[in-house]
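Numbering (the numbering used here), first residue to last: 59 to 293. Glycine included, each C-beta is placed from N, C-alpha and C at the ideal position. First the structure, in the form of structure tokens, and then the observations on it.
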């Protein structure tokens, strides 16, 4: 009797396991199809044409793996590993944004995602993040003006006298300064400046930070001299 009870429990456990596997497969395929659709939309938006697909390596076992193929505008289908640097970036971002639409993540950290992109594509990605990726916080490390000038908050990192400094800048708070400098340029009263108004303000803040650092070091040196002189006088 005990043996029969164990067999019955085993059969019940196997049935539950099979049901869970089927449920997992069904859920996976549902989300997979949603991502497929969003991926096409995101890639065509970012690349201004072309197409992108994710395909199951084995339709009978969807967990075996996925193949990511892309057709850049006016080009043939290629595996993502065979694309150029800029094409890989756009493809990867299209997949990230597709996942964001299907199952959003509250925070994204992206390190120089625009390094391999031309000016036009950087602007497209920046505008997308600003206008359409709502409900999430994007922290993007970038050296491209047309990316960081759209940020709500900027953090500039610089090195002054072997010491790392950070400068926080709210672009909205410097609107008056930017307007004044633009007016000076139009009147011919200002020297040549970097292209981006935000990058100019950030550069100015870094320069001021360097000046403050230099003054601090001079003050410390003067204090040291005074201290050693007083010690020598006592001796």
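Q.
Measuring CB atoms only, is the stretch 139 to 151 touching the stretch 170 to 178, in the sense that at least three cross pairs come out at less than 8 Å?
A. Touching, yes, given that three or more Cβ pairs across the two stretches are closer than 8 Å.
Q: Mind checking who residue 214 pairs with in its DSSP beta bridge?
A: 225
Q) Whose CA, out of 132, 98, 106, lies closest to the CA of residue 157? A) Shortest Cα-Cα distance from residue 157 to any of 132, 98, 106 involves 98.
Q) Are residue 131 and residue 110 close, meaning C-beta to C-beta below 9 Å? A) no
(Q) Just verifying my parser: in three-state terms, what is the DSSP assignment at residue 171? (A) coil
Q: Could you tell me which of 108, 89, 123 sits nearest to residue 134, measuring between CA atoms?
A: It is 108 whose Cα lies nearest to the Cα of residue 134.
Q: In the DSSP assignment, find the unbroken alpha helix (DSSP H) run with residue 157 in it and report its ends.
A: 143 to 160
Q: Taking only the alpha-carbon atoms, compute the straight-line gap between residue 179 and residue 151 and give it to the nearest angstrom.
A: In a straight line, the C-alpha of residue 179 is about 11 Å away from that of residue 151.
(Q) Between the stretch 217 to 225 and the stretch 190 to 205, can you find at least three pairs of beta-carbon atoms closer than 8 Å? (A) Too few Cβ pairs lie closer than 8 Å, so no.
**Q.** Under 9 Å between C-beta atoms of residue 196 and residue 187
**A.** yes
Q: Kindly give me the distance between the Cβ atoms of residue 242 and residue 228, rounded to whole angstroms, as I take these residues to be in contact under 8 Å.
A: Not confirmed; about 22 Å, so no contact.
(Q) Given this structure, state the Cα-to-Cα distance separating residue 161 from residue 124, to the nearest angstrom. (A) 18 Å
Q. To the nearest angstrom, how far is it from the Cα of residue 74 to the Cα of residue 185?
A. 48 Å
Q) Would residue 177 count as contacting chain D if we go by Cβ distances under 9 Å? A) Looking for chain D here will not work: only one protein chain is present.
**Q.** Local conformation of residue 96 per DSSP, three classes
**A.** helix
Q | Top-ranked residue by Cα proximity to residue 126, from 169, 68, 93 | A | 93
Q: Please confirm whether residue 104 and residue 183 have their CB atoms less than 9 Å apart.
A: yes
Q) residue 80 by DSSP, collapsed to three states: which one? A) helix
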